[in-house]
Amino acid sequence: MSDVDPELTQLDCSAVIADVWLLLDNECDQNARERLQGHLDSCPSCLAHYGIEQQLKALVNRKCGGDQAPQSLRDRLRIEIRKTVIVHEVSESDR
Ligand SMILES: [Zn+2]
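Structure representation (structure tokens):
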């Protein structure tokens, strides 16, 4: 149920995954946070597709709201991101 050009969103979405890593590692990177929130607004389907949209929104809010992300959330996000990166690599070498 999306009329977004899949090729355009894919480029964007790989950059978003890189930003998620930044945010996990740097606790509160203001630039990464702004890019992530902007992307969530313009491309809500991609993170929902990965199954990490809700976790990521919570993480973005927590990180810069003074709270630590719970270890379970960090672990889950790392696993989901790693899966996503692997899927992208496989589908690209498959072309
Ligand atoms: Zn996206």
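Residue numbers (the numbering used here): -5 to 89.
We put the CB at the ideal spot given by N, CA and C, even for glycine.
Residue i beta carbon near ligand 1 (any heavy atom closer than 7 Å)
i	result
residue 10	yes
Identity of the residue in the options nearest residue i by Cα
i	options	result
residue 26	75, 9, 71, 42	9
residue 70	39, 18, 36	18
residue 20	33, 48, 56	56
residue 33	68, 7, 73	7
Span of the alpha helix (DSSP H), counted from its first residue to its last, around residue i
i	result
residue 23	Careful: residue 23 lies outside any alpha helix (DSSP H) and carries neither H nor E.
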